[in-house]
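With the first letter of the sequence shown counted as 1, position 133 gets the number 172 in the numbering used here; the numbers rise by one all the way through.
Right, one structure below, let's go through it.
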Amino acid sequence: MSASSANYHPALPSLTSLVPSVEPHVFTMPARTDTNIELRIHTVLTSFDVAAGQWVPAASGFAVTVLVHSVDTATGRPRYLPVAEPDEWARAIFSDVDAAQGYFLGAVDPDTGKHQDGQLAYRLYLDTDRQAIRVPQQVVTCPQYLLRTGDAGPEIRIVTTA
């Protein structure tokens, strides 16, 4: 990684002020843990309002979806990258509210649950006051796992302040 990219800190989206939109907040970064891989990180906020179901209360709020695409810098085609770095980017974005409540969905399209090469998906659910909440059962379209935190595995620290 070049010295200039080592000091570059993208403007992460603010989850307290991001507005619902079909157009994601996008930024691109060189991968810190591998050469010739670029991360294209998309963050989108969508609203949900779901009726109560058997044993589950009604819920409304926002779903924050972070998609981390890892691509070859020369070809633009998907490239494998271990999950430690994409996980840390998702945690950095979610930390605006509560990174411990984020979910890892895997290499899937979060709306359909179908496999997606070169993409890792993450979600955080917020109530109408933009406080983190557990995933409402009525909105689950694919398995969702609490995003690992702490010293359970390798971590890449993303510094988001200059």
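Even for Gly, the Cβ is constructed at its ideal location relative to N, Cα and C.
Checklist line | Asp150 in three-state terms, based on DSSP | finding: coil
Margin query: When you compare the CB positions of Ala98 and Leu186, do they come within less than 8 Å of one another, or not?
Written below: no
Notebook entry, point to check: Under a three-way DSSP split, which group does Ala50 fall into?
Noted result: coil
Note to self: Gln158 and Ala146 - do their beta-carbons sit closer together than 8 Å?
What the structure shows: Cβ distance < 8 Å, so Ala146 and Gln158 count as in contact.
Check: So what does DSSP say about Glu62, is it helix, strand or coil?
Finding: coil
Next item on the list: Under 8 Å by Cβ, that's how I've got Leu54 and Arg169 pegged, so tell me the actual separation to the nearest angstrom.
Entry: The distance from the Cβ of Leu54 to that of Arg169 is about 7 Å, consistent with a contact at the 8 Å cut-off.
Item checked: Per DSSP, cross-strand counterpart(s) of Ile76 -> Asp111
Note to self: Looking only at its chain, what residues have a beta carbon closer than 6 Å to the beta carbon of Leu84, apart from the 5 residues adjacent to it on each side?
What the structure shows: Leu57, Pro59, Phe101 and Val103
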